[in-house]
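Novice: Protein chains in written order, with my numbering: chain A, 77 to 230; chain B, 77 to 230.
Have a look at this one before I ask anything.
Protein chains: 2
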Amino acid sequence: MSAARTDTEDVELANTAFYEAVERGDFEAVADLWLDERYGGVSCVHPGWPVLSGRGEVLRSYALIMANTEYIQFFLTDVKVAVAADTAVVTCTENILSGGPAEDGAELGPLVGQLVVATNVFRRTPDGWKVWSHHGSPVLAESDDEDEDAEGAV
Amino acid sequence: MSAARTDTEDVELANTAFYEAVERGDFEAVADLWLDERYGGVSCVHPGWPVLSGRGEVLRSYALIMANTEYIQFFLTDVKVAVAADTAVVTCTENILSGGPAEDGAELGPLVGQLVVATNVFRRTPDGWKVWSHHGSPVLAESDDEDEDAEGAV
Numbered sequence: 077m078s079a080a081r082t083d084t085e086d087v088e089l090a091n092t093a094f095y096e097a098v099e100r101g102d103f104e105a106v107a108d109l110w111l112d113e114r115y116g117g118v119s120c121v122h123p124g125w126p127v128l129s130g131r132g133e134v135l136r137s138y139a140l141i142m143a144n145t146e147y148i149q150f151f152l153t154d155v156k157v158a159v160a161a162d163t164a165v166v167t168c169t170e171n172i173l174s175g176g177p178a179e180d181g182a183e184l185g186p187l188v189g190q191l192v193v194a195t196n197v198f199r200r201t202p203d204g205w206k207v208w209s210h211h212g213s214p215v216l217a218e219s220d221d222e223d224e225d226a227e228g229a230v
Numbered sequence: 077m078s079a080a081r082t083d084t085e086d087v088e089l090a091n092t093a094f095y096e097a098v099e100r101g102d103f104e105a106v107a108d109l110w111l112d113e114r115y116g117g118v119s120c121v122h123p124g125w126p127v128l129s130g131r132g133e134v135l136r137s138y139a140l141i142m143a144n145t146e147y148i149q150f151f152l153t154d155v156k157v158a159v160a161a162d163t164a165v166v167t168c169t170e171n172i173l174s175g176g177p178a179e180d181g182a183e184l185g186p187l188v189g190q191l192v193v194a195t196n197v198f199r200r201t202p203d204g205w206k207v208w209s210h211h212g213s214p215v216l217a218e219s220d221d222e223d224e225d226a227e228g229a230v
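Structure, rendered in structure tokens:
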């Protein structure tokens, strides 16, 4: 009998569940975690991709990614949650290890490491917190010289 | 005496004002458009950057970018607004033309074009809609072959 969880804890659990569903390649779970269209339009940006809008476009992208991903694991760090009434913004760093389908009889394709940062917006619904917007982007440079990072990028 | 604007129109105006403030290099206007800390923690991801959290870190990044940007113009396309109660998610494509400070006596540094997609989350406050979260990321590939885009990217 644990104490009631706070909104922040519930949102963080939903955020974790979202990545675990992708790790498992569980399309139904991913679809269930994205906000139902009746609550408003969803949007999704995968690293380097243009914006995808609406459940149809977003879920098709996950089906496509899952078909091309044999193995994927997310090590989430720097998870920050900000809740305001029925909406929450989560930012986190996705330390990704992934591999495509095997080639030439190998058990698994080559593994690739990726550093991605994400902003995930959640909405509270009667069925729990659901993903309203996901935006992931590659971290292109880590430099101590902030001046270099800043040039021309907004 | 125009008819009252809808929430969607108000949010789109706030989104436009945000980019115009950056175009003008108007730091005070940019600071005014970011959500006040008392309403919750803000977050910001510039293209290729890690996550910045809190007004201090976010506003310092704008000061730094403005100091390194002599000229910047945003041509916004594909602007989509989703409003739910006191929160709104805007996605748009930022077609950016920018230039750094002049070198070697030139009037302006070399101009660079950039294709960036953004997810901007706004909150309704007594002072209007304010930016709660901004996430911009480079569009790295535009390919008709969706399979190629999908590999390993989530």
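Yeah, the Cβ is synthetic: ideal placement off N, Cα and C, and Gly gets one too.
With respect to the alpha helix (DSSP H) encompassing glutamate 170 of chain A, which residues constitute its N-terminal and C-terminal limits?
Specialist: In the first sequence, the residue the question calls residue 170 of chain A occupies position 94. Membership of glutamate 170 of chain A in any alpha helix (DSSP H) is not indicated; the residue belongs instead to the beta strand (DSSP E) covering 163 to 175.
Novice: Hey, is the stretch 130 to 144 of chain A in contact with the stretch 163 to 175 of chain A, meaning 3+ C-beta pairs nearer than 8 Å?
Specialist: Below 8 Å, too few C-beta pairs join the stretch 130 to 144 of chain A and the stretch 163 to 175 of chain A to call them touching: fewer than three.
Novice: Residues in the same chain with beta-carbon distance under 7 Å from alanine 105 of chain A, minus the five sequence neighbours each way, listed in chain order, please.
Specialist: Locating residue 105 of chain A in the first sequence gives position 29, where the first residue counts as 1. Around alanine 105 of chain A: Ala97.
Novice: Can you give me the start and stop residues for the alpha helix (DSSP H) that aspartate 154 of chain B sits inside?
Specialist: As a working note, residue 154 of chain B is residue 78 in the second sequence. Note, aspartate 154 of chain B: premise wrong, no alpha helix (DSSP H); beta strand (DSSP E) at 147 to 160.
Novice: When the Cα of aspartate 83 of chain A is compared with those of A:Pro202, A:Ser213, A:Asp162, A:Gln190, which residue comes out closest?
Specialist: Counted from its first residue, the first sequence places residue 83 of chain A at position 7. Among A:Pro202, A:Ser213, A:Asp162, A:Gln190, the Cα nearest to that of aspartate 83 of chain A is on A:Asp162.
Novice: Rounding to the nearest angstrom, what Cα-Cα distance links tryptophan 125 of chain A and leucine 111 of chain A in this structure?
Specialist: Walking along the first sequence from the start, residue 125 of chain A turns up at place 49. Walking along the first sequence from the start, residue 111 of chain A turns up at place 35. Going by the C-alpha atoms only, they are around 21 Å apart.
Novice: Which residues in the same chain as leucine 109 of chain B place their Cβ atom closer than 8 Å to its Cβ, once the five residues preceding and following it in sequence are excluded?
Specialist: Numbered from 1 along the second sequence, position 33 holds the residue referred to as residue 109 of chain B. For leucine 109 of chain B, where only same-chain residues beyond five positions count, the Cβ hits under 8 Å are Ala90, Ala93, Phe94, Ala97, Lys206, Val207.
Novice: Within 8 Å (strictly less), CB to CB, does threonine 92 of chain B reach chain A?
Specialist: Here the question's residue 92 of chain B lines up with position 16 in the second sequence. It does not: the Cβ of threonine 92 of chain B has no partner Cβ on chain A nearer than 8 Å.
Novice: Could you tell me whether any Cβ in chain A is nearer than 8 Å to the Cβ of aspartate 223 of chain B?
Specialist: As a first step, residue 223 of chain B must be located in the second sequence, where it is residue number 147. Reliability fails at aspartate 223 of chain B, whose pLDDT of 44 lies under 50, so the model's placement of it is uncertain and no value is given.
Novice: What does a CB cutoff of less than 8 Å around leucine 187 of chain A pick up in its chain, not counting 5 residues either side in sequence?
Specialist: As a first step, residue 187 of chain A is located in the first sequence; it is residue number 111 there, counting from the start. Cβ neighbours of leucine 187 of chain A beyond the five flanking positions: Tyr147, Leu173, Ser174, Gly175.
Novice: Using the beta-carbon of each residue, which ones in chain B are nearer than 9 Å to aspartate 108 of chain A?
Specialist: Within the first sequence, numbered from 1, the residue matching residue 108 of chain A stands at position 32. Simply none; closest approach about 17 Å.
Novice: Based on Cα-Cα distance, which residue from A:Leu191, A:His210, A:Phe151, A:Arg200 lies nearest to tyrosine 115 of chain A?
Specialist: Your numbering for residue 115 of chain A matches position 39 in the first sequence. That would be A:Arg200, whose Cα lies nearest to the Cα of tyrosine 115 of chain A.
Novice: So with CB distances below 8 Å, who are the chain B contacts of lysine 156 of chain A?
Specialist: As a working note, residue 156 of chain A is residue 80 in the first sequence. The answer, in chain order, is Gly117, Ser119, Val127, Ser129.
Novice: Taking only runs of the beta strand (DSSP E) that begin and end inside the stretch 175 to 204 of chain A, which ones reach a length of at least 3 residues, in chain order?
Specialist: 187 to 201
Novice: Just the Cα atoms here: how many angstroms apart are tyrosine 138 of chain B and leucine 128 of chain B?
Specialist: Walking along the second sequence from the start, residue 138 of chain B turns up at place 62. Walking along the second sequence from the start, residue 128 of chain B turns up at place 52. When rounded, the distance between both Cα atoms is 11 Å.
Novice: Does the Cβ of phenylalanine 150 of chain A have 16 or more other Cβ atoms within 10 Å, making it buried, or fewer, making it exposed?
Specialist: By 1-based counting over the first sequence, the position of residue 150 of chain A is 74. Result: buried.
Novice: Between glycine 185 of chain B and valine 121 of chain B, how many whole angstroms is the CB-CB distance? I'm expecting something under 8 Å.
Specialist: As a working note, residue 185 of chain B is residue 109 in the second sequence. As a working note, residue 121 of chain B is residue 45 in the second sequence. The Cβ separation is near 25 Å, so there is no contact.
Novice: Would you mind reading off the limits of the alpha helix (DSSP H) that contains valine 215 of chain B?
Specialist: Numbered from 1 along the second sequence, position 139 holds the residue referred to as residue 215 of chain B. Careful: valine 215 of chain B lies outside any alpha helix (DSSP H) and carries neither H nor E.
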